[in-house]
(Lines of atoms letter the chains of each structure in order from A and count residues from 1; the text may use other names and numbers.)
(Lines give C-alpha, C1' and ligand atoms only; values in the text may rest on other atoms or scores of the structure.)
Protein backbone atom coordinates (compact mmCIF):
# COMPACT_ATOMS: atom_id res chain seq x y z
CA UNK A 1 0.00 0.00 0.00
CA UNK A 2 1.37 3.40 -0.95
CA UNK A 3 1.88 6.27 1.47
CA UNK A 4 1.66 9.98 0.86
CA UNK A 5 4.57 12.23 1.81
CA UNK A 6 2.10 14.73 3.26
CA UNK A 7 1.48 14.26 6.97
CA UNK A 8 1.17 15.80 10.42
CA UNK A 9 1.79 14.50 13.91
CA UNK A 10 1.80 16.15 17.33
CA UNK A 11 2.17 15.02 20.93
CA UNK A 12 2.27 16.93 24.22
CA UNK A 13 3.62 15.69 27.54
CA UNK A 14 3.34 17.41 30.91
CA UNK A 15 6.22 16.95 33.33
CA UNK A 16 6.52 18.30 36.86
CA UNK A 17 7.80 21.74 35.82
CA UNK A 18 7.71 21.63 32.03
CA UNK A 19 5.29 21.25 29.15
CA UNK A 20 6.94 19.57 26.17
CA UNK A 21 5.40 19.70 22.69
CA UNK A 22 6.63 17.66 19.74
CA UNK A 23 5.31 18.63 16.30
CA UNK A 24 6.17 17.00 12.94
CA UNK A 25 4.99 18.12 9.50
CA UNK A 26 5.98 16.70 6.12
CA UNK A 27 5.46 17.60 2.47
CA UNK A 28 6.62 16.06 -0.79
CA UNK A 29 10.28 16.24 -1.82
CA UNK A 30 12.63 14.29 -4.08
CA UNK A 31 14.73 13.25 -1.08
CA UNK A 32 14.65 13.41 2.71
CA UNK A 33 15.07 17.01 3.90
CA UNK A 34 14.80 17.48 7.67
CA UNK A 35 14.53 20.92 9.22
CA UNK A 36 14.79 20.47 13.01
CA UNK A 37 14.17 23.18 15.59
CA UNK A 38 15.47 22.01 18.93
CA UNK A 39 16.12 24.10 22.13
CA UNK A 40 19.81 24.81 22.71
CA UNK A 41 19.78 22.67 25.86
CA UNK A 42 19.07 19.60 23.69
CA UNK A 43 21.27 20.53 20.73
CA UNK A 44 23.67 17.64 21.40
CA UNK A 45 20.73 15.22 21.06
CA UNK A 46 19.62 16.61 17.68
CA UNK A 47 21.48 13.97 15.66
CA UNK A 48 19.75 11.18 17.59
CA UNK A 49 16.36 12.79 16.92
CA UNK A 50 17.20 13.27 13.22
CA UNK A 51 18.13 9.59 12.88
CA UNK A 52 14.84 8.63 14.48
CA UNK A 53 12.94 10.80 12.00
CA UNK A 54 14.94 9.53 9.02
CA UNK A 55 14.38 5.86 9.87
CA UNK A 56 10.63 6.36 10.16
CA UNK A 57 9.79 8.90 7.46
CA UNK A 58 12.27 7.86 4.71
CA UNK A 59 11.49 10.71 2.30
CA UNK A 60 9.92 14.16 2.16
CA UNK A 61 10.47 17.70 3.39
CA UNK A 62 10.13 17.32 7.16
CA UNK A 63 9.73 20.12 9.71
CA UNK A 64 10.40 19.00 13.30
CA UNK A 65 9.74 21.28 16.26
CA UNK A 66 10.48 20.61 19.91
CA UNK A 67 8.98 23.20 22.27
CA UNK A 68 9.78 23.26 26.00
CA UNK A 69 7.66 25.56 28.17
CA UNK A 70 8.46 26.09 31.84
CA UNK A 71 5.33 25.66 33.97
CA UNK A 72 6.93 25.58 37.43
CA UNK A 73 9.22 27.87 39.44
CA UNK A 74 12.36 26.45 37.91
CA UNK A 75 14.38 28.78 35.67
CA UNK A 76 17.83 28.69 34.14
CA UNK A 77 18.18 32.50 33.96
CA UNK A 78 19.80 34.11 37.03
CA UNK A 79 20.64 37.66 38.05
CA UNK A 80 24.40 38.19 37.94
CA UNK A 81 24.56 39.95 41.31
CA UNK A 82 28.23 40.91 41.22
CA UNK A 83 27.87 42.55 37.80
CA UNK A 84 24.62 44.35 38.75
CA UNK A 85 26.20 45.73 41.97
CA UNK A 86 29.20 46.97 40.02
CA UNK A 87 26.90 48.73 37.53
CA UNK A 88 25.01 50.40 40.40
CA UNK A 89 28.26 51.64 41.98
CA UNK A 90 29.40 53.07 38.65
CA UNK A 91 26.02 54.76 38.12
CA UNK A 92 26.17 56.32 41.63
CA UNK A 93 29.47 57.92 40.64
CA UNK A 94 27.72 59.55 37.70
CA UNK A 95 24.41 60.58 39.21
CA UNK A 96 22.65 60.64 42.54
CA UNK A 97 19.53 58.59 42.09
CA UNK A 98 17.04 56.37 43.81
CA UNK A 99 18.35 52.84 44.43
CA UNK A 100 15.34 51.32 42.65
CA UNK A 101 15.85 53.47 39.56
CA UNK A 102 19.55 52.64 39.47
CA UNK A 103 18.68 48.93 39.76
CA UNK A 104 16.27 49.22 36.81
CA UNK A 105 19.07 50.74 34.76
CA UNK A 106 21.66 48.19 35.89
CA UNK A 107 19.65 45.09 34.97
CA UNK A 108 19.39 46.38 31.40
CA UNK A 109 23.15 46.44 31.05
CA UNK A 110 25.13 43.68 29.28
CA UNK A 111 25.76 40.53 31.33
CA UNK A 112 23.35 41.60 34.06
CA UNK A 113 21.48 38.34 33.51
CA UNK A 114 23.14 35.00 32.93
CA UNK A 115 21.68 31.76 31.64
CA UNK A 116 23.14 28.67 33.19
CA UNK A 117 23.42 25.73 30.84
CA UNK A 118 21.34 22.84 32.09
CA UNK A 119 22.73 19.35 32.08
CA UNK A 120 20.49 17.07 30.07
CA UNK A 121 18.14 15.08 32.23
CA UNK A 122 18.25 11.61 30.65
CA UNK A 123 14.90 10.73 32.19
CA UNK A 124 13.35 13.82 30.65
CA UNK A 125 14.97 13.06 27.30
CA UNK A 126 13.58 9.53 27.41
CA UNK A 127 10.10 11.07 27.75
CA UNK A 128 10.84 13.36 24.79
CA UNK A 129 11.83 10.35 22.66
CA UNK A 130 8.54 8.67 23.60
CA UNK A 131 6.70 11.81 22.50
CA UNK A 132 8.61 11.81 19.19
CA UNK A 133 7.68 8.15 18.62
CA UNK A 134 4.02 8.91 19.30
CA UNK A 135 4.07 11.89 16.91
CA UNK A 136 5.74 9.67 14.28
CA UNK A 137 2.95 7.11 14.63
CA UNK A 138 0.41 9.89 14.09
CA UNK A 139 2.14 11.28 11.01
CA UNK A 140 2.56 7.80 9.50
CA UNK A 141 -1.13 7.08 10.09
CA UNK A 142 -1.90 10.38 8.36
CA UNK A 143 0.39 9.42 5.47
CA UNK A 144 -1.27 6.02 5.14
CA UNK A 145 -4.76 7.56 5.09
CA UNK A 146 -3.65 10.03 2.42
CA UNK A 147 -2.08 7.12 0.53
CA UNK A 148 -5.42 5.31 0.40
CA UNK A 149 -7.00 8.37 -1.19
CA UNK A 150 -4.17 8.57 -3.74
CA UNK A 151 -4.42 4.83 -4.41
CA UNK A 152 -8.11 5.13 -5.25
CA UNK A 153 -7.49 8.15 -7.49
CA UNK A 154 -4.65 6.39 -9.35
CA UNK A 155 -6.69 3.29 -10.08
CA UNK A 156 -9.67 5.34 -11.27
CA UNK A 157 -7.45 7.22 -13.72
CA UNK A 158 -5.68 4.06 -14.91
CA UNK A 159 -9.12 2.54 -15.53
CA UNK A 160 -10.09 5.68 -17.45
CA UNK A 161 -7.00 5.40 -19.68
CA UNK A 162 -7.80 1.73 -20.27
CA UNK A 163 -11.37 2.58 -21.31
CA UNK A 164 -10.04 5.19 -23.72
CA UNK A 165 -7.53 2.64 -25.06
CA UNK A 166 -10.39 0.23 -25.75
CA UNK A 167 -12.14 3.01 -27.67
CA UNK A 168 -8.94 3.53 -29.66
CA UNK A 169 -8.85 -0.18 -30.46
CA UNK A 170 -12.53 -0.12 -31.47
CA UNK A 171 -12.06 2.67 -34.03
CA UNK A 172 -8.67 1.55 -35.30
CA UNK A 173 -10.13 -0.39 -38.25
CA UNK A 174 -12.24 2.62 -39.23
CA UNK A 175 -9.13 4.81 -39.01
CA UNK A 176 -7.23 2.54 -41.43
CA UNK A 177 -10.12 2.57 -43.90
CA UNK A 178 -10.29 6.34 -43.58
CA UNK A 179 -6.58 6.67 -44.35
CA UNK A 180 -6.94 4.33 -47.38
CA UNK A 181 -9.89 6.32 -48.69
CA UNK A 182 -8.06 9.61 -48.38
CA UNK A 183 -5.06 8.21 -50.24
CA UNK A 184 -7.23 6.81 -53.03
CA UNK A 185 -9.03 10.14 -53.38
CA UNK A 186 -5.73 11.98 -53.48
CA UNK A 187 -4.44 9.67 -56.26
CA UNK A 188 -7.66 9.93 -58.26
CA UNK A 189 -7.41 13.71 -58.20
CA UNK A 190 -4.07 13.48 -59.99
CA UNK A 191 -5.96 12.40 -63.15
CA UNK A 192 -3.14 10.09 -64.11
CA UNK A 193 -3.12 6.35 -64.68
CA UNK A 194 -1.70 4.45 -61.70
CA UNK A 195 -0.36 0.92 -61.55
CA UNK A 196 -2.77 -0.76 -59.14
CA UNK A 197 -0.24 -3.36 -57.98
CA UNK A 198 2.36 -0.70 -57.28
CA UNK A 199 -0.25 1.43 -55.58
CA UNK A 200 -1.28 -1.45 -53.30
CA UNK A 201 2.37 -2.09 -52.36
CA UNK A 202 2.93 1.58 -51.57
CA UNK A 203 -0.32 1.67 -49.63
CA UNK A 204 0.73 -1.31 -47.49
CA UNK A 205 4.11 0.32 -46.80
CA UNK A 206 2.40 3.60 -45.93
CA UNK A 207 -0.13 1.95 -43.60
CA UNK A 208 2.62 0.03 -41.79
CA UNK A 209 4.02 3.37 -40.68
CA UNK A 210 0.65 4.14 -39.09
CA UNK A 211 0.19 0.74 -37.47
CA UNK A 212 -0.24 1.07 -33.67
CA UNK A 213 -0.57 -2.61 -32.75
CA UNK A 214 2.66 -2.68 -30.73
CA UNK A 215 1.81 0.58 -28.95
CA UNK A 216 -1.63 -0.73 -27.96
CA UNK A 217 -0.14 -3.92 -26.52
CA UNK A 218 2.66 -2.12 -24.68
CA UNK A 219 0.28 0.49 -23.28
CA UNK A 220 -2.01 -2.22 -21.92
CA UNK A 221 1.00 -3.96 -20.36
CA UNK A 222 2.14 -0.72 -18.70
CA UNK A 223 -1.35 -0.12 -17.29
CA UNK A 224 -1.37 -3.64 -15.83
CA UNK A 225 2.12 -3.14 -14.42
CA UNK A 226 1.04 0.13 -12.76
CA UNK A 227 -1.78 -1.72 -11.00
CA UNK A 228 0.61 -4.44 -9.83
CA UNK A 229 3.23 -1.93 -8.69
CA UNK A 230 0.81 0.18 -6.68
CA UNK A 231 -0.20 -2.84 -4.59
CA UNK A 232 3.31 -4.27 -4.14
CA UNK A 233 5.31 -3.97 -0.91
CA UNK A 234 8.09 -2.04 -2.64
CA UNK A 235 5.72 0.46 -4.23
CA UNK A 236 7.01 4.04 -4.19
CA UNK A 237 6.51 7.34 -5.94
CA UNK A 238 9.68 7.09 -8.04
CA UNK A 239 8.68 3.68 -9.40
CA UNK A 240 5.18 4.88 -10.26
CA UNK A 241 6.73 7.91 -11.92
CA UNK A 242 8.90 5.72 -14.14
CA UNK A 243 5.92 3.61 -15.20
CA UNK A 244 3.94 6.79 -15.91
CA UNK A 245 6.72 7.93 -18.25
CA UNK A 246 6.44 4.66 -20.19
CA UNK A 247 2.66 5.02 -20.37
CA UNK A 248 3.12 8.53 -21.72
CA UNK A 249 5.60 7.36 -24.34
CA UNK A 250 3.08 4.89 -25.80
CA UNK A 251 0.22 7.41 -25.69
CA UNK A 252 2.35 9.99 -27.52
CA UNK A 253 3.32 7.48 -30.20
CA UNK A 254 -0.32 6.51 -30.76
CA UNK A 255 -1.15 10.19 -31.10
CA UNK A 256 1.63 10.83 -33.61
CA UNK A 257 0.64 7.82 -35.72
CA UNK A 258 -3.13 8.17 -35.52
CA UNK A 259 -3.68 10.66 -38.37
CA UNK A 260 -7.38 10.44 -37.48
CA UNK A 261 -9.24 13.17 -35.57
CA UNK A 262 -11.52 10.92 -33.44
CA UNK A 263 -8.48 8.91 -32.27
CA UNK A 264 -6.47 12.06 -31.55
CA UNK A 265 -9.32 13.28 -29.36
CA UNK A 266 -9.10 10.07 -27.33
CA UNK A 267 -5.32 10.51 -27.05
CA UNK A 268 -5.80 14.01 -25.64
CA UNK A 269 -8.13 12.60 -22.98
CA UNK A 270 -5.59 9.90 -22.10
CA UNK A 271 -2.87 12.54 -21.77
CA UNK A 272 -5.07 14.56 -19.44
CA UNK A 273 -5.62 11.57 -17.14
CA UNK A 274 -1.92 10.74 -17.22
CA UNK A 275 -0.84 14.27 -16.28
CA UNK A 276 -3.00 14.06 -13.15
CA UNK A 277 -1.38 10.71 -12.30
CA UNK A 278 2.09 12.23 -12.70
CA UNK A 279 1.20 15.16 -10.46
CA UNK A 280 -0.12 12.88 -7.73
CA UNK A 281 2.85 10.50 -8.04
CA UNK A 282 5.07 13.35 -6.83
CA UNK A 283 3.27 13.12 -3.46
CA UNK A 284 3.85 9.38 -3.05
CA UNK A 285 6.54 8.23 -0.63
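In UniProt numbering, the protein residues as written are 1 to 285. Heads up, the beta-carbon is just placed ideally off N, CA and C, and yes, glycines get one too.
Would you kindly report the start and end of the unbroken beta strand (DSSP E) that includes residue i?
| i | result |
| --- | --- |
| residue 63 | 60-70 |
| residue 250 | Unbroken run through residue 250 is the alpha helix (DSSP H), 237-258; no beta strand (DSSP E). |
| residue 46 | Per DSSP, residue 46 belongs to no beta strand (DSSP E); it is in the alpha helix (DSSP H), 46-57. |
| residue 33 | 32-37 |
| residue 276 | Careful: residue 276 lies outside any beta strand (DSSP E), inside the alpha helix (DSSP H) at 261-281. |
| residue 210 | No beta strand (DSSP E) contains residue 210, which DSSP labels as neither H nor E. |
| residue 14 | 7-14 |
| residue 22 | 18-27 |
Any idea if residue i is buried or exposed, counting beta-carbon neighbours within 10 angstroms, 16 or more meaning buried?
| i | result |
| --- | --- |
| residue 280 | buried |
| residue 26 | buried |
| residue 245 | exposed |
| residue 90 | exposed |
| residue 40 | exposed |
| residue 1 | exposed |
| residue 147 | buried |
| residue 283 | buried |
| residue 181 | exposed |
| residue 135 | buried |
Beta-carbon within less than 7 Å of residue i's beta-carbon, same chain only, minus the 5 sequence neighbours each way: which residues are those?
| i | result |
| --- | --- |
| residue 70 | 17, 18 |
| residue 131 | 11, 13, 20, 22 |
| residue 263 | 168, 171, 175 |
| residue 277 | 154, 157, 244 |
| residue 215 | 250, 253, 254 |
Leaving aside the five residues before and after residue i along the sequence, list all residues of the same chain whose C-beta is less than 6 Å from its C-beta, in chain order.
| i | result |
| --- | --- |
| residue 164 | 266, 269, 270 |
| residue 226 | 158, 243 |
| residue 142 | 7, 8 |
| residue 67 | 21 |
| residue 273 | 157, 160, 161 |
Please work out which residues of its chain come closer than 8 Å, Cβ to Cβ, to residue i, disregarding the five sequence neighbours upstream and downstream, and give them in chain order.
| i | result |
| --- | --- |
| residue 209 | 257 |
| residue 112 | 79, 80, 83, 84, 87, 106 |
| residue 46 | 36, 38 |
| residue 178 | 260 |
| residue 229 | 235, 239, 240, 243 |
The alpha helix (DSSP H) with residue i in it runs from where to where?
| i | result |
| --- | --- |
| residue 213 | 213-230 |
- Item | Segment contact flag, the stretch 26-36 with the stretch 50-66, C-beta cutoff 8 Å, min 3 pairs | yes
- Query: Touching or not, the stretch 214-226 and the stretch 247-256, by the rule of three or more beta carbon pairs under 8 Å?
  - Reply: yes
- Touching or not, the stretch 165-177 and the stretch 232-245, by the rule of three or more beta carbon pairs under 8 Å? no
- Output the residue ranges of the alpha helix (DSSP H) runs that lie fully inside the stretch 95-170 and measure 4 residues or longer, sorted by chain position. 99-106
- the stretch 118-131 contacting the stretch 97-106, beta-carbon criterion three pairs below 8 Å: no
- Pairing CB atoms from the stretch 7-14 with CB atoms from the stretch 147-155, are three or more of them under 8 Å? no
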